[in-house]
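>
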Amino acid sequence: ETQRRAREMSTLAEVGRDISSSLEATTVLEGIANHARELLSGDLSALFLPEQNGKIFRAIAAVGEEAEELRNDTILLGEGLLGSIALTKKAEIVNDTNNDPRALMITGTESVSDEHMLAIPLLANSELKGLMAVWRHGADNFFTEAELEFMNNLARQAVIAIQNTQLFEQTQHLLKQTEQRATELSILNNVSESMTRSLDVS
Numbered sequence: 022e023t024q025r026r027a028r029e030m031s032t033l034a035e036v037g038r039d040i041s042s043s044l045e046a047t048t049v050l051e052g053i054a055n056h057a058r059e060l061l062s063g064d065l066s067a068l069f070l071p072e073q074n075g076k077i078f079r080a081i082a083a084v085g086e087e088a089e090e091l092r093n094d095t096i097l098l099g100e101g102l103l104g105s106i107a108l109t110k111k112a113e114i115v116n117d118t119n120n121d122p123r124a125l126m127i128t129g130t131e132s133v134s135d136e137h138m139l140a141i142p143l144l145a146n147s148e149l150k151g152l153m154a155v156w157r158h159g160a161d162n163f164f165t166e167a168e169l170e171f172m173n174n175l176a177r178q179a180v181i182a183i184q185n186t187q188l189f190e191q192t193q194h195l196l197k198q199t200e201q202r203a204t205e206l207s208i209l210n211n212v213s214e215s216m217t218r219s220l221d222v223s
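Counting from 22, one number per residue, gives the positions in the sequence shown under this note's numbering.
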């Protein structure tokens with residue numbers, strides 16, 4: 022237990038360093054997905070971001086088995102296990118996905134026995150920023166509450182990474198708007214100067 026906690030703390034510290042050194046959300050989130058898969062011995066790990074005002078979620082980072090299929094699929098709000106978690110905004114351990122009535126197949130994949138999933142909504146206060154999930158297989162390979170706690174800590178780091186990127190993009194957009202406005206004012210000033218220097222309409 023002590024070794025596990027030490028590994029988790031080391032991972033969280035490493036993720037924190039990644040966040041402080043990069044504003045590229047995809048890079049940081051792929052790192053978080055990798056860490057989650059490795060520490061939780063998962064077969065697949067992914068982070069999803071919302072699109073179309075939160076109606077759809079798409080995997081921006083996915084590592085492990087069937088990662089490509091997951092990237093090409095979409096999660097609809099309220100549909101399937103992940104869609105349900107997005108709707109309720111509550112983390113869940115589902116230790117038998119095949120027998121959960123909400124379960125839907127990822128397009129391009131096949132049903133596998135003894136599949137377990139741990140999924141967490143990425144929340145900034147009450148605003149849903151995305152989803153994070155890890156899958157693994159095995160008859161007795163159940164997820165635990167301790168692993169859920171670790172995923173919650175990783176999820177907080179993921180939210181910080183997403184917010185940093187969004188803030189940077191907003192700042193860049195404002196800078197572009199300011200530059201465009203300055204250019205427009207410069208043009209108007211040049212026109213005004215021309216008008217005061219000449220009475221020739223042409």
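Positions of the beta carbon are idealized from the N, C-alpha and C atoms, including for glycine. Every value quoted in this text rests on a predicted model; they were computed, and no experiment measured them.
Out of Phe164, His158, Asn211, which has the shortest C-alpha to C-alpha gap to Asp135?
Out of Phe164, His158, Asn211, His158 has the C-alpha closest to the C-alpha of Asp135.
> Which term fits Pro122, buried or exposed, when burial requires 16 or more other beta carbons within 10 angstroms of its beta carbon?
By the 10 Å Cβ count, Pro122 comes out exposed.
> Since Gly54 and Ser66 should fall inside the 8 Å C-beta cutoff, what is the C-beta to C-beta distance between them, to a whole number of angstroms?
Per the sequence shown, the amino acid found at residue 54 is Ala instead of Gly. So it is a contact: roughly 5 Å between Cβ atoms.
> Would you decide whether Gln193 is buried or exposed? Buried here means 16 or more other CB atoms lie within 10 Å of its CB.
Exposed, because fewer than 16 other Cβ atoms sit within 10 Å of the Cβ of Gln193.
> If I measure Cβ to Cβ from Leu149 and keep anything under 8 Å in the same chain, skipping five residues before and after, which residues do I get?
Correct list, in chain order: Pro71, Gly75, Ala107, Lys110, Pro142, Leu143.
> Only counting the same chain, and skipping five residues up and downstream in sequence, which positions put a Cβ closer than 7 Å to that of Glu200?
Around Glu200: no qualifying Cβ.
> Hey, how far is the Cα of Ala27 from the Cα of Ile181?
Cα to Cα, Ala27 sits roughly 22 Å from Ile181.
> Which two residues bound the contiguous alpha helix (DSSP H) that contains Gly104?
Here the alpha helix (DSSP H) through Gly104 covers 101 to 109.
> Using three-state DSSP, classify Leu169 as helix, strand or coil.
Helix at Leu169.
> What residue range is occupied by the uninterrupted alpha helix (DSSP H) comprising Arg5?
This structure gives no information on residue 5, because the portion of the chain shown stretches from 22 to 223.
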